[in-house]
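Participant: One structure, as structure tokens, below. Some questions next.
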Amino acid sequence: MSVVLITGASRGIGAATALLAAGNGDSVVVNYRSNEVAARQVVDQITHNGGAAIAVAGDVAVEADVVRLFEAGIARFGRIDALVNNAGILEQHMRLEDMSVDRMQRVFSTNVIGSMLCAREAVKHMSTKNGGAGGGIVNVSSIAARLGSPNEYVDYAASKGAIDTLTKGLSIELADCGIRINAVRPGVIYTDIHASGGEPDRVDRVKDNVPMKRGGTAEEVANAILWLLSDDASYTTGALIDVTGGR
Ligand code: NAP
Numbered sequence: 000m001s002v003v004l005i006t007g008a009s010r011g012i013g014a015a016t017a018l019l020a021a022g023n024g025d026s027v028v029v030n031y032r033s034n035e036v037a038a039r040q041v042v043d044q045i046t047h048n049g050g051a052a053i054a055v056a057g058d059v060a061v062e063a064d065v066v067r068l069f070e071a072g073i074a075r076f077g078r079i080d081a082l083v084n085n086a087g088i089l090e091q092h093m094r095l096e097d098m099s100v101d102r103m104q105r106v107f108s109t110n111v112i113g114s115m116l117c118a119r120e121a122v123k124h125m126s127t128k129n130g131g132a133g134g135g136i137v138n139v140s141s142i143a144a145r146l147g148s149p150n151e152y153v154d155y156a157a158s159k160g161a162i163d164t165l166t167k168g169l170s171i172e173l174a175d176c177g178i179r180i181n182a183v184r185p186g187v188i189y190t191d192i193h194a195s196g197g198e199p200d201r202v203d204r205v206k207d208n209v210p211m212k213r214g215g216t217a218e219e220v221a222n223a224i225l226w227l228l229s230d231d232a233s234y235t236t237g238a239l240i241d242v243t244g245g246r
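Sequential numbering from 0 applies to the sequence shown in numbering that gives the first Met the number 0.
Structure representation (structure tokens):
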């Protein structure tokens, strides 16, 4: 069984991925930024069901936190086999002309720099060229990378475009290092992230634009993430998998 490190796993898609991975027998490092109570609930649910997990605080945008996060996971479980770069933020709906540079930097620091820092630490540990055992990385992008999120958050959409490009480039860079790197691009999923944009019920407002006429669940995204990490996807790298109900 694998050791999976999931960033932003205190709620939403990250928490669903942690619970599903643990249900498959994987050990899980549950990273969170500030909500310790929620992260502990995820860990308690896993351990209550006989699984193994630890909660580790850390801001993925802070290099020292990311280094400590990987050290904590390796200290507890002996190794890391898989990384899910899930932590991500968006901010209040607005047009680009109204966005502050602080906001742009917050969004890019978490969504892009954070994912690159975590990938860097994972590669140092997992690459067969560094004496590691290989492994898998799944980046959580967004369909926003394709749609652009006009009038809502083009900064967020652009950050996810960067994630798609990172996925493609790194997948080739590491193809002969025993590491597969793929991305999932969720559509509108029922989680708390939409409250950050100022519209907690956004999924219900836009769901009729989805060909399947409904929002997705965090578990439906988690299933795709864990498939990409599994041996069933052993010849898949550099793929961007849309989980969007057809959008
Ligand atoms: P969410 O419910 O808002 O959860 C976000 C998680 O990320 C929380 O666990 C949060 O921790 C953590 N986090 C935020 N900033 C962090 C940081 N700097 N360092 C470490 N952890 C951090 O979000 P979600 O909807 O599950 O989204 C997960 C991913 O899916 C994101 O990358 C998002 O862009 C992507 N996505 C979501 C949707 C959707 O419709 N929901 C669609 C497309 C893509 P705390 O609770 O401790 O703050």
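C-beta atoms are modelled at their ideal positions from N, C-alpha and C, and glycine is treated no differently. Just so it is clear, the structure is predicted and the values come from calculations on it, not from any experiment.
1. Run the CB neighbour count on ALA60, radius 10 Å, all protein chains shown included, and call it buried at 16 or more, exposed below.
2. Would you list, in sequence order, the uninterrupted alpha helix (DSSP H) runs of no fewer than 4 residues that lie entirely inside the stretch 49-95?
3. Going by other Cβ atoms of all chains shown within 10 Å of its Cβ, with 16 needed for buried, is THR236 buried or exposed?
4. The alpha helix (DSSP H) spanning ASN222 covers which residue range?
5. Rounding to the nearest angstrom, what Cα-Cα distance links GLY135 and ARG179 in this structure?
6. Rounding to the nearest angstrom, what Cα-Cα distance links GLY13 and ALA20 in this structure?
7. Cβ-heavy atom distance between ALA8 and ligand 3 below 7 Å?
8. Regarding ALA20 and ligand 1, is the C-beta to nearest heavy atom distance less than 7 Å?
9. If you follow the beta strand (DSSP E) that GLY134 is part of, which residue opens it and which one closes it?
10. Kindly give me the distance between the Cβ atoms of VAL27 and ILE5, rounded to whole angstroms, as I take these residues to be in contact under 8 Å.
11. If you count every other CB in all the chains shown that lies within 10 Å of the CB of LEU169, and 16 or more means buried, which is it?
Facilitator: Answer, in terms of the structure:
1. Here residue 60 refers to the residue found at position 61 when the sequence shown is read from its first residue. Per the 10 Å Cβ criterion, buried.
2. 62-76
3. What you label residue 236 is simply residue 237 of the sequence shown in a count that begins at 1. Buried, because 16 or more other Cβ atoms sit within 10 Å of the Cβ of THR236.
4. Stepping through the sequence shown from its first residue, residue 222 is reached at position 223. Counting along the chain, the alpha helix (DSSP H) containing ASN222 begins and ends at 217-228.
5. Walking along the sequence shown from the start, residue 135 turns up at place 136. Walking along the sequence shown from the start, residue 179 turns up at place 180. Answer to the nearest angstrom: the Cα atoms are 5 Å apart.
6. Residue numbering aside, residue 13 sits at position 14 when the sequence shown is read from its first letter. Residue numbering aside, residue 20 sits at position 21 when the sequence shown is read from its first letter. Whole-angstrom Cα-Cα distance: 10 Å.
7. Here the bound small molecules are ligand 1; ligand 3 is not part of this structure.
8. Working through the sequence shown from its first residue, we reach residue 20 at position 21. ALA20 Cβ: outside cutoff for every heavy atom of ligand 1.
9. Looking up residue 134 in the sequence shown gives position 135. Unbroken beta strand (DSSP E) run through GLY134: 134-139.
10. Mapped onto the sequence shown, residue 27 falls at position 28. Mapped onto the sequence shown, residue 5 falls at position 6. Sure, about 6 Å apart at Cβ, within 8 Å.
11. The residue given as residue 169 occupies position 170 in the sequence shown. So LEU169 counts as buried.
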